[in-house]
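Asks:
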Amino acid sequence: MRETAHAEAAAAGQTAAVGHVVPLRVLVAVWGTLLALTGLTVAAAGVDLGSYNLGVAMLIATAKATLVLLFFMHLRYDRPILAIVFVTALLFVALFVSIALLDSNAYAHQLIPGYGPALPK
Amino acid sequence: MAAGTTGEGTVAGARTHRVAHHFDNAEQQFESGKLGMWIFLATEILLFGGLFCAYAVYRSNHPEVFIYAHRFLDKTLGAINTAVLICSSFTMALAVRAAQLGRRRQLVGLLGATVALAACFLGIKGLEYEKKWKEGLLWGAHFHAKLAPAPPALPQTLPPVPAAAGEERSLIPPAAIGPAGLARPGQPAVAEGPEGPPHDVQVFFAVYFLMTGLHGVHVIIGMALLSWMMVRAGRGEFSPGYLTPVDLTGLYWHLVDLIWIFLFPLLYLIR
Amino acid sequence: MTGIESATGGFGSGGNALGRDNYLNHERGIKSWLLTRDHKRIGVMYLVVILSSFFLGGIFAELIRTKLLTPGNSALMKADTYNQMFTLHGAIMIFLFVIPGIPASLGNFVLPLMLGAKDVAFPRLNLASFYLWVGGATLALVSMVTGAVDTGWTFYTPYSTTTNTNVILMVAGVFVLGFSSIFTGLNFVVTIHKLRPAGMTWFRMPLFLWGIYGTAIIQIMATPVLGITLLLLIAERALGIGIFDPALGGDPVLFQHFFWFYSHPAVYIMILPAMGVISELVSVFSRKHIFGYTFIAMSSIAIAVLSFLVWGHHMFVAGQSTLSSMIFSFLTFMVAIPSAVKVFNWLATMYKGSIWLATPMLYVLSFLFLFGIGGLTGLFLGALAVDVHLHDTYFVVAHFHYVMFGGTVIAFLGGLHYWWPKMFGRMYSEFWGRIGALLVFVGFNTTFFTQFVMGSHGAPRRSYHYQPQFEAYHRLSTIGAYILGVGFVVIAVYLIHSLLRGRPAPANPWGGATLEWQASSPPPHDNFASTPAVGDPYDVEAWTWDGAVGGFVRRTPAEQPAGS
Ligand code: HEM
Ligand SMILES: [Cu+2]
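Residue numbers (the working numbering), protein chains in the order written: chain A, 1435 to 1555; chain B, 288 to 558; chain C, 568 to 1131.
Written out as structure tokens, the structure reads:
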């Protein structure tokens, strides 16, 4: 991958660029795919898949995010440490969300729905 | 990983006069800037993570509220906005490429396009907010939309607060509304009737405004940064050997896009 | 390299640079300080403001303790004032003093020096962090005079959303302070990753840097969650957003999850740098190579990660589900393991060393004793059934003071005395140093050990009135607090005296083998006259006292006695 991109940069008459130059057609392809996936997720939301709707929507969103990260944000070409930093952050979010969810689900039945004395009448 | 190893495909003849005294070379400086930026992005992820957590907790505990209330959001506008942000990410990626290839005019143009798309996003968002505002579909205490049939009445009285004796009473004037709300024994949780709207619809709008609001603030900051980059690019401050500010602004902008990619299905496309 | 040269960094006799160009006199004028990007100057500025906060928080503490001499109403302060007083004490001590404490002041000063670098990766960001601290502190101080908060430093909802004190301003201040902390951590991580000179491999880094690195991980990954928590609290008060307000359909227990997801890891932001300081000092003052380098280094990282898994132990009686309580209780016990790994390695370092009871070492010994008690009582609190009894009693107060004061503050003092000659080029009075350390140790135990006893008898914390049966304990505790106060006055006096009149310090007064001792005291603007030679950071036995130099010098291989 590095080689081809290098070649392209060289072809453009530049060899001294800092960082990796992503080939134009890769960027265009990613852009197109992102738009297509947006369409897909809207369409999928129109189909009743029961409890799978959320999963499908998240799967598509994750695919889109991955494309942005790898190509627009250059992770595909950068040092692994940057991806490690990012994934670590995601893991901590996952930890936080999952434990808070686990706990609040366990006591949720003790809350009174609609008990809102501060709501405007 | 030791400093000084030069990765392939990176700097060679970078301009050196921009290297600060404590760096060995431009590559070390560029890589440091990038690592710093990614760490900053990690903190942004965790900042939004808190809101995603609130979302998950309320959605999982009140699914009926989310299913009911999300219908008030405009799916079409949301989808258009998603596309707008994706396009702005694309122009941003092209802008970084233009900077790397030393095409100054292209760089300025692409940054301008990115700002324009961001403004477009905010405009559409503003339209949506205005509609919610008019209909009273707001958060917490400000929610006043008329949702036909009202939910069954609930006890609205609080148990009397026992009067404290003597000096122990607080001299700070009491608040208008005291803390209240956890279950008391003997009060069954009231289920939603099939005919009326569910309880606590305002919670969805609190989550909606918090998430899109914080995201919107990030868009505004992004626009400011992008405009500043445009000015600097116009002055010819960047070159293939020195484009760290453009690159880092790009990373930030892509993250703003990334977060929206998740907000869109989570808020607009609930089923 | 000959002994003298390496000992003095090529600066001639003794390596003292007070009369020559050094970072303190490199540029002159107040502006050259306020706009400096030199990590050493920023470290010194942090030291000044952080010690001032400590002083302010200390005044509040003495006032609180004075009130508690008697169980009933007091002419000194009303009950409301008392609530505001302990809140301000806690908030100042935690957010203004201990959290930035060691990393921002000592860390800023020595991190690049220890690494052999010229500065941190982002000097401008470093200065920005400092000013964010100043901005946050200003907001907090303004909130103090415009309706001081009475919620406790934990800002629990729903009380914090309903009290009529100035919560928004205080919380905004803490939010800004959080950013200061994040940027400091970010700067240090990038510096450690990218600015290590050739030869400085990960496992040649001094353990203090591992401690700072672990701290930075927590600062980066936890502080943003505090940020969003505080933003939500502001939104709650200013806009009535309702996320944490049960009266609007929100969930106040969720606030505690948010708060402790940051604040438990935050206690390791406080203690990890302290552990790093101890790792340096224990080897130098035992004149012996550190024992178990890799274990100490790795346990810092293990602590950083594990610290994220135990926040629910603050919520055992807050309505948290039994399942989560059980999980959190179990994990709380796990987190003691890496802490114990460190303690045992320090003890093994001291074993058969020639222990030198200089002032910094007295603080190390205090630390080991006090942190041992603090950590072990944490295990009592982590046990579910026991915590139901002990929660919100003085036992908890004693526990966290033993770890935060007995651990972090004591290590901070140890580090301050250790690096003082390097920072300012002057020695302090060793005699008064030892007296100060002794007073602090005695005063501390008198104050807080009493509280363990009182707490286990059920004395509730954060309470203006108390039952007459606790009066004796409270009296004793207050007397301890006064001894402590005297100890700090002694320390302040001889340190200030040393700044003005102290004996000029040699480059290496303690015989440390880390790189900062190869620079002159105080170091030059660019840290090192020539690139220092990176070696084993704990090869302290290679350094011996040289009366002619007035400091330690490195032995040439020929001089090394066999079997030392
Ligand atoms: C061996 C390690 C530790 C264990 C097992 C532990 C355990 C605990 C537990 C279970 C509590 C909750 C008590 C209650 O509220 O009922 C607690 C409170 C506390 N701990 Fe620790 N702890 C440890 C280390 C530390 C350290 C290193 C620090 C700070 C440097 C610290 C600071 C605190 C603070 C500030 C509180 C009280 C918070 C409040 O409610 O205001 N702890 N600890
Ligand atoms: Cu804790």
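Beta carbons: idealized from backbone N, C-alpha and C, even for Gly.
In three-state DSSP terms, what is Gly468(B)?
Replies: Here residue 468(B) refers to the residue found at position 181 of the second sequence. Because the pLDDT of Gly468(B) is 45, which lies under 50, any placement of that residue in the model is unreliable, and the number read from its coordinates should be weighed accordingly. If DSSP states are grouped into helix, strand and coil, Gly468(B) belongs with coil.
Asks: Give the range of the beta strand (DSSP E) segment to which Phe1520(A) is assigned.
Replies: By 1-based counting over the first sequence, the position of residue 1520(A) is 86. Segment 1514-1541 is the alpha helix (DSSP H) holding Phe1520(A); no beta strand (DSSP E) there.
Asks: For Phe621(C), which residues from the same chain have a beta carbon less than 7 Å from its beta carbon, with the 5 sequence-adjacent residues on both sides left out?
Replies: Translated into positions along the third sequence, residue 621(C) becomes position 54. Closer than 7 Å at Cβ, skipping near neighbours: Phe664.
Asks: In whole angstroms, what is the alpha-carbon distance linking Tyr780(C) and Phe862(C)?
Replies: For the purposes of this step, residue 780(C) is taken as the residue at position 213 of the third sequence. For the purposes of this step, residue 862(C) is taken as the residue at position 295 of the third sequence. Our two residues, Tyr780(C) and Phe862(C), have alpha carbons roughly 15 Å apart in a direct line.
Asks: Using alpha carbons as the reference points, say which of Trp923(C), Ser727(C), Ala704(C), Thr758(C) lies closest to Gln316(B).
Replies: The residue labelled residue 316(B) in the question sits at position 29 within the second sequence. Residue Thr758(C) is the option with its Cα nearest to Gln316(B).
Asks: Considering only DSSP beta bridges, list what Arg993(C) is partnered with.
Replies: Taking the first residue of the third sequence as position 1, residue 993(C) is located at position 426. Answer is Pro1071(C), bridged to Arg993(C).
Asks: Mind reading off the beta-carbon distance from Thr536(B) to Leu512(B)? Whole number of angstroms is fine, and I expect it under 8 Å.
Replies: Residue numbering aside, residue 536(B) sits at position 249 when the second sequence is read from its first letter. Residue numbering aside, residue 512(B) sits at position 225 when the second sequence is read from its first letter. Thr536(B) to Leu512(B), Cβ: 5 Å. Contact.
Asks: Just the C-alpha distance for Leu550(B) and Thr1496(A), rounded to the nearest angstrom, thanks.
Replies: Your numbering for residue 550(B) matches position 263 in the second sequence. Your numbering for residue 1496(A) matches position 62 in the first sequence. For Leu550(B) and Thr1496(A), the distance between alpha carbons rounds to 12 Å.
Asks: Looking only at its chain, what residues have a beta carbon closer than 7 Å to the beta carbon of Ala478(B), apart from the 5 residues adjacent to it on each side?
Replies: Residue 478(B) sits at position 191 when you count from the first residue of the second sequence. With a pLDDT of only 44 at Ala478(B), under the threshold of 50, the placement of this residue in the model should not be trusted, and no figure is reported.
Asks: Under the rule that 16 or more other beta-carbon atoms within 10 Å means buried, what is Glu417(B), buried or exposed?
Replies: As a first step, residue 417(B) must be located in the second sequence, where it is residue number 130. In this structure Glu417(B) is exposed. Its beta-carbon is surrounded by fewer than 16 other beta-carbon atoms within 10 angstroms.
Asks: Whole-angstrom Cβ separation of Leu1468(A) and Ile373(B), contact assumed at under 8 Å?
Replies: If you number the first sequence from 1, residue 1468(A) lands on position 34. If you number the second sequence from 1, residue 373(B) lands on position 86. Between Ile373(B) and Leu1468(A) the Cβ distance is about 5 Å, and since that is below 8 Å, they are a contact.
Asks: Taking the alpha helix (DSSP H) that Trp913(C) falls in, what are its first and last residues?
Replies: In the third sequence, counting from the first residue as 1, residue 913(C) sits at position 346. Its alpha helix (DSSP H) spans residues 889-917.
Asks: List the whole-angstrom C-beta distance separating Ser853(C) from Ser933(C), where the pair is believed to meet the contact cut-off of C-beta under 8 Å.
Replies: Translated into the one-based positions of the third sequence, residue 853(C) becomes position 286. Translated into the one-based positions of the third sequence, residue 933(C) becomes position 366. Contact doesn't hold; Cβ gap of about 15 Å is too wide.
Asks: Closer than 9 Å, Cβ to Cβ, to anything on chain B: give me those residues from the stretch 757-781 of chain C, in chain order.
Replies: Val757, Thr758, His760, Lys761, Leu762, Arg763, Pro764, Ala765, Gly766, Met767, Thr768, Trp769
Asks: Would you say the beta carbon of His516(C) is closer than 6 Å to some non-hydrogen atom of ligand 2?
Replies: Nothing in the structure corresponds to residue 516(C), since chain C is present only between 568 and 1131.
Asks: If you compare alpha carbons, which of Met517(B), Val543(B), Val402(B) is closest to Pro259(B)?
Replies: Because chain B in this structure spans residues 288 to 558, residue 259(B) falls outside the shown range and cannot be described.
Asks: For Met379(B), tell me which candidate among Ala356(B), Leu322(B), Ala405(B), Ala341(B) has the shortest Cα-Cα distance.
Replies: As a working mapping, residue 379(B) is identified with position 92 in the second sequence. For Met379(B), the nearest C-alpha among the options comes from Ala405(B).
Asks: Counting only beta-carbon atoms, is Asp588(C) nearer than 7 Å to chain B?
Replies: For this step, residue 588(C) is matched to residue 21 along the third sequence. Not closer than 7 Å to any Cβ of chain B, the Cβ of Asp588(C) fails to qualify, so no.
Asks: When DSSP builds the beta bridges, which residues end up paired with Trp1112(C)?
Replies: Stepping through the third sequence from its first residue, residue 1112(C) is reached at position 545. Partner(s): Phe1119(C).
Asks: Please look up how many angstroms separate the CB atoms of Val1007(C) and Gly1054(C), rounded, as I've assumed it's under 8 Å.
Replies: On the third sequence, residue 1007(C) is found 440 positions in, with the first residue counted as 1. On the third sequence, residue 1054(C) is found 487 positions in, with the first residue counted as 1. So it is a contact: roughly 4 Å between Cβ atoms.
Asks: Spell out whether any CB of chain C is found under 7 Å from the CB atom of Met344(B).
Replies: Residue 344(B) sits at position 57 when you count from the first residue of the second sequence. The question names Met, but residue 344(B) in the sequence shown is Val. Taking Cβ atoms only, chain C reaches closer than 7 Å to Val344(B), which makes this a yes.
Asks: If you drop the 5 nearest sequence neighbours on each side, which residues of the same chain put their C-beta closer than 6 Å to that of Ala301(B)?
Replies: Position 14 of the second sequence, counted from the start, is the residue given in the question as residue 301(B). The predicted model places Ala301(B) with a pLDDT of 40, which falls under 50 and marks its position as unreliable; any figure quoted below should be read in that light. The answer, listed in chain order, is Ala313, Gly528.
Asks: Specify the secondary structure class of Ser1087(C) as computed by DSSP and reduced to three states.
Replies: If you number the third sequence from 1, residue 1087(C) lands on position 520. Of the three classes helix, strand and coil, the one that applies to Ser1087(C) here is coil, per DSSP.
Asks: Using a Cβ cut-off of 7 Å (strictly closer), state whether Leu821(C) contacts chain B.
Replies: For the purposes of this step, residue 821(C) is taken as residue 254 along the third sequence, with counting starting at 1. For Leu821(C), the answer is yes, since a Cβ of chain B falls inside 7 Å of its Cβ.
Asks: Beta-carbon within less than 7 Å of His656(C)'s beta-carbon, same chain only, minus the 5 sequence neighbours each way: which residues are those?
Replies: Numbered from its first residue, the third sequence carries residue 656(C) at position 89. Sequence-distant Cβ neighbours of His656(C) in its own chain, meaning closer than 7 Å and more than five residues away, are Gly624, Phe627, Ala628, Ile631.
Asks: Using the C-alpha atoms, what's the distance from Val701(C) back to Ile808(C)?
Replies: As a first step, residue 808(C) is located in the third sequence; it is residue number 241 there, counting from the start. As a first step, residue 701(C) is located in the third sequence; it is residue number 134 there, counting from the start. Those two C-alpha atoms are separated by around 29 Å.
Asks: Rounded to the nearest angstrom, what separates Met865(C) and Gly410(B) at their Cα positions?
Replies: Sequence index remark: in the third sequence, residue 865(C) carries index 298 (1-based). Sequence index remark: in the second sequence, residue 410(B) carries index 123 (1-based). Spanning the two alpha carbons is a distance of roughly 51 Å.
Asks: When Cβ atoms are compared, which residues of the stretch 1506-1517 of chain A fall closer than 8 Å to chain C?
Replies: Ile1515
Asks: In whole angstroms, what separates the C-alpha of Ala470(B) from that of Gln1544(A)?
Replies: For the purposes of this step, residue 470(B) is taken as residue 183 along the second sequence, with counting starting at 1. For the purposes of this step, residue 1544(A) is taken as residue 110 along the first sequence, with counting starting at 1. Because the pLDDT of Ala470(B) is 42, which lies under 50, any placement of that residue in the model is unreliable, and the number read from its coordinates should be weighed accordingly. Going from the Cα of Ala470(B) to the Cα of Gln1544(A) covers about 5 Å.
Asks: Once DSSP output is grouped into helix, strand and coil, what is the label at Asn640(C)?
Replies: Translated into the one-based positions of the third sequence, residue 640(C) becomes position 73. Assigned with DSSP and collapsed to three states, Asn640(C) falls in coil, not helix or strand.
Asks: So who's on the other strand from Ser1097(C), going by DSSP bridges?
Replies: Taking the third sequence and counting its residues from 1, one reaches residue 1097(C) at position 530. In DSSP, Ser1097(C) forms no bridge with anything.
Asks: For my contact list, Leu806(C) and Trp426(B) are in at a C-beta cut-off of 8 Å; report their separation, rounded to the angstrom.
Replies: Position 239 of the third sequence, counted from the start, is the residue given in the question as residue 806(C). Position 139 of the second sequence, counted from the start, is the residue given in the question as residue 426(B). Rounded, the Cβ-Cβ distance is 7 Å, consistent with contact.
Asks: Where Ile785(C) and Lys1498(A) are concerned, what is the direct C-alpha to C-alpha distance, given to the nearest angstrom?
Replies: On the third sequence, position 218 is the one that residue 785(C) refers to. On the first sequence, position 64 is the one that residue 1498(A) refers to. So the alpha carbons of these two residues sit roughly 29 Å apart.
Asks: Distance, Cα to Cα, Leu414(B) vs Leu424(B)?
Replies: Translated into the one-based positions of the second sequence, residue 414(B) becomes position 127. Translated into the one-based positions of the second sequence, residue 424(B) becomes position 137. C-alpha separation (whole angstroms): 14 Å.
Asks: Closest by CA to Tyr995(C), which one among Gly939(C), Ala707(C), Val970(C), Pro1076(C)?
Replies: As a working note, residue 995(C) is residue 428 in the third sequence. For the residues Gly939(C), Ala707(C), Val970(C), Pro1076(C), the minimum Cα distance to Tyr995(C) belongs to Pro1076(C).
Asks: Quick check: is the beta carbon of Ser1485(A) nearer than 7 Å to any beta carbon in chain B?
Replies: What you label residue 1485(A) is simply residue 51 of the first sequence in a count that begins at 1. It does not: the Cβ of Ser1485(A) has no partner Cβ on chain B nearer than 7 Å.
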